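Working notes, beginning with the structure itself.
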Amino acid sequence: MKGAMPSLLSRRNILLGGLGIAATATLSACTSSPVRADMPMRTFGPPAPMSPSQGQRLVEKTLSAKPVSLDLGGRTVSTWAYDSILPGPIVRATAGDFLRVTLDNQLPADTTIHWHGIRLRNAADGVPGMTQDPVSSGAKYVYEFTAPDPGTYFFHPHVGLQLDRGLYAPMIIDDPHEPGRYDAEWIVVLDDWIDGTGTTPDDVLKKLIADGGAASSGGMGGMDHGSGGMSMGAPPWGDTGDVIYPLFLINGKPPADPDVLTVKPGQRIRLRVINAASDTVFTVALGGHRLTITHSDGYAVEPTEVGAFYIGMGERYDAVVTVGDGAFPLVARPFGKTSGGQAMAVVRTSSGSSPSVDANPAELTGQVLIGSQLRPAAAAKLPAKAPDATVDLALQGSMKPYRWGMNGATFGKNQALTVKAGQRLRINATNHTMMTHPLHLHGHTFALPSGLRKDTVLMAPMQSVAIDLDADNAGDWMIHCHNIYHAEAGMMIALEYAK
Ligand code: C2O
Ligand code: CU
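Quick note: to get the working numbering, add 12 to the position in the sequence shown (first position is 1).
As C-alpha cells, then:
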C-alpha cells in the first residue's frame, strides 16, 4: 500500500511462533482470483410478502440504485448512488415499526441492501447467496422487517465493492422513550472517495491483487505490514488501510465545499456519526469543543466526555455538544494516511470566516478515545452469564499476496461457525495480522468483556478480544472485516444456527 516498508517483523515468525491457529491454518490455494469465486450460492426465489402486525406502524419507501454523476466540490465523478444523491436518502422509523423498503435496481449490475447493525429477520439481511438471491439489473426487491432497537445505523449493498461507490445512506431508528435533550440533530456520514476519479473500486482491488504478486505462497496469515503505520500515527492501530484515496467526504461533500450545520450559540446538538468508508479509520473532533459520547453502534454508554474519538469502518458514535459562538470545523482525519487531506464539515452559529480546508483542531492531537473502552449504560449492558459454547475466530491475511481470510481460508472455503438457538456464544477473536480490522457481525449485537454492546469493533494488530452474543435471531449470518477490500478478498465467515 504505502510502498515498501521496512519489515521489522518477519511475518512467518510471528505467526508461527505460538499462535496455534495461524500456524496450522493453511489457506486453500487460490488460483487466478483470490476473490471468492466458489462462494456457495443458494437460491431463494422472491421473498414471501409480509404485513405489519396489528398496531404496528408501517414505514414505506422506495430506493433507486442508479448510475449518476456527482459534483464533489468542483470535481465531477461518475458513480452509483441511491436516488442520485450522496449519501442516499435517510431511512427513518421508530423502534418497533414495520419497514417495507423497495429496492429498484437501475444499476448495470446485481445488487442488494444490507441494513447494517439492525437485528432484523434473516431473510431481509441482504446477503446474496445466503439470505436472498441477488437483485438483478432492472429488477425490484422488497425488504420487509421490523426494526426492534433504536439507534444510529446505515445501509449499503452486500455485493462486491459497491459500498465504495456512492451506495450508502443513514438509517435512524428513534427511541419512543428517549427524552431528546437536545435542540438539533446532525447526522454526519464519513466516507473515503475514489470512484469515478479515473478508477473504480473494482480496478483498485485488481491493482492491490496485482501488486501483491502471484498468489503462490501457501499459508494464510503471513503479514508484510511492518511498523509503517505505527510510526506515522502512533499506536494503537498500526496500519489501517490499503487504498490511497484522493478525497474524504462528510455528508457527500469535500472540505472545499463543506456541509454546514447552522444553529444558535449555546444550543445543544446531537451528532450521529457514521463511518461509511471502505478502507479508512478516522479520528473525529469538533474544533474548540469537547464531545459527550452517549451511544456506540446504537446502544447507550455511560456518557463520556472526550476531545476526539476514533471511528472504524461500520462503527457509529452518537455525541452531544453545546456549541459556542463562531464557525467551527468538524474534522474527520484519516488515520495513518498522508494524502487526500481530511474530511471536514462546519458548525456555524454566527457569521465569520469559515475554517480552512486543512483546519487542525487541537483536540485531534490530545487524547483520543478508543471506543471499545467506553462503559455500557446499565440498561444496555448484556447481562453477565457464562457462555454455553465457545469458538475461536482467527483474522488472517497479507498484502503480498493480497489475500485475507478467517479461520485458515477465504470465505466459502472456511468452515462456518455454528451456534444453537438460545445459547450464549463466546467468540474468541484474534487478529493475527499487523493491520487493524473492524470486525462486524450481522443480525445481533455482541458484548465486549465490559458488557459494552457493539456490532462492529476495531481490532488492533495482534489483539485478541472475547465477544459474547445471545443466539436469539435464527438464520445464517455473516461475520466479516468491514474493510470492504478485505471482505471481498475473503475475510468473511458464516455464523449458522444449528437446525
Ligand atoms: Cu456493513 Cu456485512 O456489513
Ligand atoms: Cu480487514
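Every residue gets a Cβ at the ideal spot worked out from N, C-alpha and C, and that includes glycine. Model, not experiment: these values are computed from the prediction.
Between the CA atoms of residue j and residue i - distance to the nearest angstrom
i: VAL216; j: VAL255; result: 8 Å
i: ALA486; j: PRO160; result: 15 Å
i: PRO270; j: SER365; result: 13 Å
i: LYS219; j: ALA289; result: 19 Å
i: ALA428; j: ALA510; result: 11 Å
i: THR74; j: PHE110; result: 14 Å
i: THR306; j: ALA459; result: 17 Å
i: GLU500; j: GLY424; result: 11 Å
i: ALA396; j: ARG177; result: 40 Å
i: TRP249; j: LEU381; result: 12 Å
i: VAL343; j: MET62; result: 43 Å
i: HIS126; j: ALA135; result: 11 Å
i: GLN475; j: LEU394; result: 22 Å
i: PRO213; j: GLN174; result: 8 Å
i: PHE294; j: LEU376; result: 11 Å
i: ASP291; j: GLN66; result: 43 Å
i: LEU132; j: ASP337; result: 42 Å
i: LEU39; j: ASN419; result: Bear in mind that the predicted position of LEU39 carries a pLDDT of just 41, short of 50, making it unreliable; the figure below should be weighed with that in mind. If I take the Cα positions, the gap works out to 9 Å.
i: TYR137; j: ARG112; result: A small correction: the amino acid at residue 137 is Asp; Tyr does not occupy that position in the sequence shown. Going by the C-alpha atoms only, they are around 13 Å apart.
i: ILE221; j: GLN408; result: 16 Å
i: ASP83; j: GLY463; result: 43 Å
i: THR304; j: ILE496; result: 30 Å
i: PRO64; j: TYR414; result: 46 Å
i: SER96; j: PRO79; result: 7 Å
i: GLY299; j: ILE262; result: 15 Å
i: HIS492; j: LEU453; result: 7 Å
i: ALA406; j: ASN426; result: 11 Å
Outcome for residue i when other beta-carbon atoms lying within 10 angstroms are tallied against a minimum of 16
i: ARG284; result: buried
i: LEU70; result: exposed
i: GLU72; result: exposed
i: MET53; result: exposed
i: ALA357; result: buried
i: SER149; result: exposed
i: PRO188; result: exposed
i: SER243; result: Because SER243 carries a pLDDT of 35, less than 50, the predicted location of this residue cannot be relied on, and no value is offered for it.
i: PRO341; result: buried
i: SER368; result: exposed
i: PRO461; result: exposed
i: ALA392; result: buried
i: SER363; result: exposed
i: GLY383; result: buried
i: ALA483; result: buried
i: ASP370; result: exposed
i: GLU190; result: exposed
i: PRO162; result: buried
i: ALA433; result: exposed
i: GLY455; result: buried
i: GLY417; result: buried
i: ASP223; result: exposed
i: GLY378; result: exposed
Sequence-distant residues of the same chain with beta carbon closer than 8 Å to residue i, five excluded per side
i: ALA77; result: TRP92, ALA93, TYR94, LEU115, ASP116, ASN117, GLN118, LEU119, THR123, PRO169 and LEU179
i: SER81; result: THR88, VAL89, SER90, THR91 and GLY208
i: ARG438; result: PRO399, ALA401, THR402, VAL403, ALA478, ILE479 and ASP480
Own chain, CB closer than 6 Å to residue i, minus 5 neighbours either side, in chain order
i: MET183; result: VAL103, TYR165, PHE166 and PHE167
i: ALA41; result: With a pLDDT of 35 at ALA41, under the threshold of 50, the predicted position of this residue should be treated as unreliable, though the coordinate-derived value follows. Closer than 6 Å at Cβ, skipping near neighbours: no residue.
i: THR274; result: ARG360
i: GLU508; result: ALA428, THR430 and ASP488
i: MET235; result: Only weak support is given to the placement of MET235: the predicted model assigns it a pLDDT of 43, under 50, and the value that follows is read from those uncertain coordinates. Closer than 6 Å at the Cβ level, and outside the excluded window around MET235, lie ARG23, SER410, THR445 and MET446.
i: GLY264; result: LEU98 and PRO99
i: THR334; result: ARG280
Residue i vs residue j beta-carbon contact at 7 Å
i: VAL201; j: PRO99; result: yes
i: PRO266; j: GLY352; result: no
i: ARG436; j: ASP400; result: yes
i: HIS494; j: MET325; result: yes
i: MET490; j: VAL139; result: yes
i: PHE260; j: ALA331; result: no
i: ALA538; j: ASN440; result: There is simply no residue 538 to check, as the chain begins at 13 and stops at 511 in what is shown.
i: ILE185; j: ALA105; result: yes
i: PRO373; j: ALA297; result: yes
i: GLY502; j: THR422; result: yes
i: LYS349; j: GLY225; result: no
i: ASP309; j: GLY129; result: yes
i: THR55; j: ASP145; result: yes
i: THR252; j: PHE347; result: yes
i: PRO101; j: ALA181; result: yes
Spatial neighbours of residue i in its chain, beta-carbon cut-off 7 Å, leaving aside the 5 residues before and after
i: TYR194; result: ARG280, ILE281, ARG282 and VAL332
i: VAL154; result: PRO59, ARG112 and THR114
task: Count the CB pairs spanning the segment 309 to 324 and the segment 369 to 389 that are closer than 8 Å, and state whether there are at least three.
output: yes
field: Three-pair Cβ contact test at 8 Å for the segment 275 to 292 versus the segment 320 to 336
entry: yes
message: With a threshold of 8 Å, are at least 3 pairs of Cβ atoms found where one atom belongs to the segment 444 to 453 and the other to the segment 470 to 479?
response: yes
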